[in-house]
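In our numbering, the protein residues as written are 3 to 387.
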Ligand SMILES: [Fe+2]
């Protein structure tokens, strides 16, 4: 995050002696991105973060690609992904390319007997259903319906849920995830025309420090292999940290929509950016207020991007027969637009309650085996009336 945050105890000067009550020295770790050029934080561990007791096994978690090349409108019924007890096992990649994996998950159980670290990718976990706490090395963040949890690569974490009824929409990003650059000034502060500001961003608020030795299983994903590492100390053994690289939450309900007299283009919904895709939030808002405006979007040729919509709640004005958790994919190469009747239906409407997350990727997406298993294959012809 482009702002500074700190939790717990840190020495007044970096890289200097910082003693524990027993006289030993805390173990400093730089947790950074993009070599030493990106955002970073300095962490202070009770025990060194390097004590690996065992590497038990590893296995592939690479997505199984069923369709390498796609030029067809697709729809996936996301809620047809069956719930599973385990968080990692429940994560189901559906649309992937070299820049991002788009996944669905319905985990029933909290992570209590292991920790997870994604060494490949930043993660955005959108909470469609569920409530709980994201526990990380840098502290805890409570989450509920509508939250985006942004977890930088390399962060060790657990998800704890309050119930078994959880639905997640996850994007793994192989490029760092940022707030949109055009909404930031040259110091990184979010500007007045940004649809959200720093006050809406929730960094870790509660640092849990565990001074425990033992066997701690950390499942580490790297290059699509999941390694089972056994560390000799509890990974949440940090007494303090400060810096710019930390997980945070942002609620889609805090996104302030940008509206106009006539239809506003999709970039007004942009919430996050990377060098390879964007994430946008479609939220309840007033419709365009020119007396002759057509609130439904015009047809458009997304010639340079595949467009993925994940429907969260409310009626989606441009689509007929949409269900919660449904995904649509409109691939680059062919124009797309509202369903039959959507233009007329939208005229004179004052507002919408639609809630959706959009992911626009600059490179084409591949479909996985699991995606084809939840596909509604009538979607492609649903404009033919
Ligand atoms: Fe579109």
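Cβ atoms here follow ideal geometry from the backbone N, Cα and C, with glycine treated the same way.
Note that this is a predicted model, so its numbers are computed, not measured.
In the three-state scheme derived from DSSP, where H, G and I count as helix and E and B as strand, residue 109 is classed as strand. Between the segment 362-371 and the segment 79-99 there are three or more inter-stretch CB-CB distances shorter than 8 Å, so the stretches are counted as touching. Selection 118, 128 and 147 evaluated against residue 137 yields 118 as nearest (Cα-Cα). Under the DSSP assignment, residue 9 falls in the beta strand (DSSP E) whose first and last residues are 7-10. Secondary structure within the segment 5-61: the beta strand (DSSP E) runs of 3 or more consecutive residues, fully enclosed, are 7-10, 29-34 and 42-47 (chain order).
For the set 143, 250 and 186, the Cα lying nearest the Cα of residue 153 is the one of 250.
Nearest in C-alpha terms to residue 268, of all of 298, 292 and 276, is 298. Secondary structure note for residue 368: its beta strand (DSSP E) is the uninterrupted segment 368-370. Put simply, the residues with a CB less than 7 Å from any heavy atom of ligand 1 are 268, 299, 302, 304, 309, 332 and 338, in chain order.
Out of 59, 5, 335 and 378, the CA that lies nearest to the CA of residue 71 is found in 335. Following the DSSP letters along the chain, one finds residue 344 inside the alpha helix (DSSP H) bounded by residues 344-348. A buried status is given to residue 256, since no fewer than 16 other beta-carbon atoms sit within 10 Å of its beta-carbon. In this structure, residue 302 sits away from residue 322, with a CB-CB distance that is not shorter than 8 Å. Between residue 42 and residue 247, the C-beta spacing is below 8 Å.
When C-alpha distances from residue 214 are compared across 195, 241 and 202, the shortest belongs to 241. Partner residues in the beta bridge of residue 219, as assigned by DSSP, are 232. Residue 292 holds the alpha-carbon nearest to the alpha-carbon of residue 266 among 324, 19, 231 and 292.
The C-beta of residue 16 has fewer than 16 other C-beta atoms within 10 Å across all chains shown, which makes the residue exposed. The segment 167-184 makes contact with the segment 128-136, as at least three CB pairs between them are under 8 Å. Rounded to whole angstroms, residue 50 and residue 220 show a C-alpha spacing of 15 Å.
Counting every other CB atom within 10 Å of its CB across the protein chains shown gives residue 6 a total below 16, marking it as exposed.
At a Cβ-Cβ threshold of 8 Å, residue 207 and residue 281 do not count as neighbours. Under a 10 Å Cβ-count criterion, residue 57 is classified as exposed, with fewer than 16 other Cβ atoms of the shown protein chains found around its own Cβ. About 31 Å separates the beta carbon of residue 369 from that of residue 286, a gap too long to meet the 8 Å contact definition. For residue 151, the uninterrupted beta strand (DSSP E) segment begins and ends at 149-153. Residue 337 and residue 344 have their C-alpha atoms some 16 Å from each other. Going by DSSP, residue 78 is part of the beta strand (DSSP E) stretching over 76-79. Listed in chain order, the non-local C-beta contacts of residue 253 below 6 Å within the same chain comprise 148 and 149, local neighbours out to five positions each way being set aside. Under the three-state reduction of DSSP, residue 202 is assigned to helix. Distance from the CA of residue 82 to the CA of residue 101, rounded to the nearest whole angstrom, comes to 25 Å. Inter-residue distance for residue 304 and residue 22 is about 57 Å (C-alpha atoms, whole angstroms). Between the C-alpha atoms of residue 333 and residue 76 there is a straight-line separation of about 8 Å.
Counting along the chain, residue 125 sits inside the beta strand (DSSP E) bounded by residues 124-131. In this structure residue 243 is buried. Its beta-carbon is surrounded by 16 or more other beta-carbon atoms within 10 angstroms.
If you draw a 10 Å sphere on the C-beta of residue 32, you find fewer than 16 other C-beta atoms in it, and that means exposed. Residue 335 sits in coil when the DSSP states are folded into three classes, being neither helix nor strand.
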